[in-house]
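Here the structure comes first, spelled out in structure tokens, and everything after it is commentary.
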Amino acid sequence: MPSTRTRKAHAATRRPQATRATPVVEMREVTKVYDSGTVALERASLKIGRGEFVFLVGPTGCGKSTCIRLLLKELEASAGDILIAGKKLGDISRDRVPYLRRNIGVVFQDYKLLPNRTVYDNVAYSLQVIGESRQEIRRKVPDILRLVGLSTKLHSYPDELSGGEQQRVSMARAFVNHPPLLLADEPTGNLDPETSIGIMQLIYRINRTGTTVVVATHDSEMVDKMRRRVIELREGHIIRDELSGLYRPDESTTEFAVRLRGEMGVGPEGHPN
Amino acid sequence: MQLGFFLKEALRGLSRNSAPALAALLTVMLTALVLGVFIPIQQATTGTANEVRNRVVVDVYLKGEATPGERKELRGALEDTTNVKSVDFISKAEGLEQARRKNPRAFKDGAALLGKNPLPDTYRVIPEDPGKVGAIVDRLAPKEADGVRVPSLAGIDEVRNKEEDTEKILSATGLVKILTAGLAALLLFASVALVANTLRLSIFARRREVEVMKLVGATNWFIRWPFVIEGVFVGFMGGVLAVLLLTIAKETFIDPLADRFALLAAPETIDFPLLVIVLLLACVAVSAAGSALTLRRFLRV
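Protein chains in written order, with the working numbering: chain A, -3 to 269; chain B, 13 to 313.
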């Protein structure tokens, strides 16, 4: 691994593995212009260290989803470099992209479940298509479904589940291989606040296992309650990057956040500062 | 490998997408049928033509009413012609006997079917230099301005060079061959297009699966294989159906008739098992081409 000495101080204090110097995600002056001429991102630079929990916020059309898609190499940056675990995405050839994606879990607002397969099969399918053995699948799938709290709904079809449950299946699918990076594009966009908290709890638990998490969202309530690193985008520019930010910086809900963390059983050590 | 998975996915795709798959299958079948008829015809005609062409002799058919004197005179004249090595006389009866020897099945009853022996008395002229056989024919029966040959000696009914028979066979079957070849080419094109279209619909029907596969990091070929199998399966089934129909046609029509008609029995054509293999391979190739076409355009992963 190339060592660009960019240690994330706060992460280092929390977890030993976070001392690895290479950021999990790094964007250097990234610009993305669509064929239509729309500028989705302009000279955006950011670094996300190992084990971090980052909110990507901003109004619709500010470039959040473009960011996520760039990280998955679904899109190519028009200019600038994107690095994942120190490797430039521009250097990854087409036929290596699948192997990149196996190390990135993704969750979407619309879940992207297969309607004609059961919960179990949906998760198993994602393992089958990357060539996992049947034995591994039988071992991993029930485990991960227990983790997301769906062990009683193994044989239900997606349309028999609530929105929150469907998102849990999608989380299970994203995390079943324990990827080091989890991307979530509006994971609570279709859910009511109560259900959203459940999903966030799950993402938080995943983060606690050492997985770096990037959540693109405009769920201001959730961002404010969680008090995590917030990167705000507006019209393709990064206009704010705070370590424990709010959706809007002028709101003070520190007390509420503390109470929330108590409720979630995370404890006050959840974040330094 | 994950063969079971691919097969299952391919079958799932086929059952969900059965109407266009059936259309593609039938087109492939038609193509194979036309090819299956075309290949033996092509071979039979060119085969016969070449066989005839190889026997370089000039046959001089005599008029039935030619007098012995005329015959003698003619023989002398033939032997005096340049480039002639020898002249054999083949009588009507000998001609029939030769034909019977060459093709015993067709002539097993002699000329009984025809009522009388249709063969003329013949002088068979064997040339010294086979390459200059045309000159002999020109001498014996010069070509008139309108292209019709008129015998130069009395008693000659017709002068036949096998070269000319060859031309006749080839020109008679040429049109048939061109038409069948054109039809086969068109059907080939339609097959490729229809297989391609079937896969396109199948990809569309399974776009969610494809999306998920891409997201979780399935390799490109892992995504493509079920579609390729689907396309090739359609082609193969079309081929199998065509082969079945051809077999039935061969067993019920051609084989019984071949006993009675020399034309069907005589020519050396491709063995049926070889033809079957060729057809099946062609079908698979056609459908693979169709699959490749679609996958390149619609499944860029």
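Just so it is clear, CB atoms sit at the ideal spot from N, CA and C, and this is done for glycine as well.
| Item | Value |
| --- | --- |
| Tell me which residue opens and which closes the beta strand (DSSP E) that residue 48 (chain A) is part of. | Per DSSP, residue 48 (chain A) belongs to no beta strand (DSSP E) and is neither H nor E. |
| Alpha carbon to alpha carbon, how far is residue 67 (chain A) from residue 238 (chain A)? | 21 Å |
| Here's a check: name, in chain order, each residue in its chain whose Cβ is nearer than 7 Å to the Cβ of residue 7 (chain A), leaving out the five neighbours to either side. | For residue 7 (chain A), the predicted model reports a pLDDT of 40, less than 50, meaning its position is unreliable and no value from the coordinates is stated. |
| Would the region 74 to 85 of chain A count as touching the region 203 to 211 of chain A if we require 3 or more Cβ pairs under 8 Å? | no |
| Helix, strand or coil, according to DSSP, for residue 88 (chain B) in the structure here? | helix |
| Using the beta-carbon of each residue, which ones in chain A are nearer than 7 Å to residue 236 (chain B)? | Going along chain A, no residue has its Cβ under 7 Å from residue 236 (chain B), so there is no contact; the nearest lies around 12 Å. |
| Would you say residue 186 (chain A) faces chain B, with C-beta separation under 9 Å as the test? | no |
| 9 Å is my cut-off, CB to CB: does residue 224 (chain A) come that close to chain B? | no |
| Could you list the residues in the region 209 to 237 of chain B with a C-beta less than 7 Å from some C-beta on chain C, going in chain order? | Absent from the structure: chain C. Protein chains present are A and B. |
| For residue 26 (chain A), which residues of its own chain have a beta-carbon under 8 Å away from its beta-carbon, when the five flanking residues on both sides are left out? | 37, 39, 40, 41, 66, 73, 75, 76, 77, 78 |
| Could you name the residues of chain B that residue 133 (chain A) contacts, counting a contact when the two beta carbons are closer than 7 Å? | Near residue 133 (chain A) there are no residues of chain B at all, since even the closest Cβ is about 11 Å away, more than 7 Å. |
| Is residue 194 (chain B) helix, strand or coil by DSSP? | helix |
| Provide the residue span of the beta strand (DSSP E) that contains residue 170 (chain B), from first to last. | 168 to 173 |
| Where residue 204 (chain B) and residue 47 (chain B) are concerned, what is the direct C-alpha to C-alpha distance, given to the nearest angstrom? | 15 Å |
| Quick one: residues in its chain with C-beta nearer than 6 Å to the C-beta of residue 195 (chain B), no 5 flanking neighbours on either side, listed in chain order? | 46 |
| DSSP beta-bridge partners for residue 238 (chain A)? | A:226 |
| Hey, is residue 17 (chain B)'s beta-carbon within less than 9 Å of any beta-carbon in chain A? | yes |
| Does the region 224 to 243 of chain B come into contact with the region 17 to 27 of chain B, if we say contact requires no fewer than three beta-carbon pairs (one atom in each stretch) closer than 8 Å? | yes |
| Taking the alpha helix (DSSP H) that residue 320 (chain B) belongs to, which residues open and close that run? | As displayed, chain B neither begins before 13 nor continues past 313, which places residue 320 (chain B) out of reach and without an answer. |
| Around the Cβ of residue 114 (chain B), are there at least 16 other Cβ atoms within 10 angstroms (buried) or fewer (exposed)? | exposed |
| Would you give the residue range spanned by the beta strand (DSSP E) that residue 200 (chain A) belongs to? | Not the beta strand (DSSP E): residue 200 (chain A) falls in the alpha helix (DSSP H), residues 189 to 204. |
| Nearest CA to the CA of residue 42 (chain B): which residue from B:211, B:222, B:199? | B:199 |
| Assign residue 219 (chain B) to buried or exposed, taking buried as 16 or more other Cβ atoms, counted over all protein chains shown, within 10 Å of its Cβ. | exposed |
| Curious, which full-length beta strand (DSSP E) runs of at least 3 residues does the region 84 to 163 of chain A contain? | 100 to 104 |
| For residue 307 (chain B), does the three-state DSSP call read helix, strand or coil? | helix |
| Kindly list the residues whose CB is nearer than 8 Å to the CB of residue 86 (chain B), restricted to its own chain and excluding five residues on each side of it in sequence; keep chain order. | 72, 74, 78, 135, 165, 166, 167, 168 |
| Could you run through the region 85 to 119 of chain A and flag, in chain order, every residue whose CB is less than 7 Å away from some CB of chain B? | 91, 94, 95, 97, 98, 102, 108, 110 |
| Does the Cβ-Cβ distance between residue 50 (chain B) and residue 193 (chain B) come in under 9 Å? | yes |
| Exposed or buried, which one is residue 163 (chain A) when buried takes at least 16 other CB atoms within 10 Å? | buried |
| Could you tell me whether the Cβ of residue 153 (chain A) comes closer than 9 Å to any Cβ of chain B? | no |
| Do you know offhand how far residue 229 (chain A)'s Cα is from residue 243 (chain A)'s? | 11 Å |
| Can you find a C-beta in chain A that's less than 9 Å from the C-beta of residue 55 (chain B)? | no |
| Considering just the uninterrupted stretch of the beta strand (DSSP E) at residue 103 (chain B), what are its terminal residues? | Here residue 103 (chain B) belongs to no beta strand (DSSP E), and DSSP marks it neither H nor E. |
| With distances taken Cα to Cα, identify the nearest neighbour of residue 141 (chain B) among B:70, B:207, B:206. | B:70 |
| Rank B:98, B:132, B:189 by C-alpha distance to the C-alpha of residue 148 (chain B) and give the top, closest one. | B:98 |
| How would you label residue 309 (chain B), buried or exposed, when you count the other beta carbons within 10 angstroms and need 16 or more for buried? | exposed |
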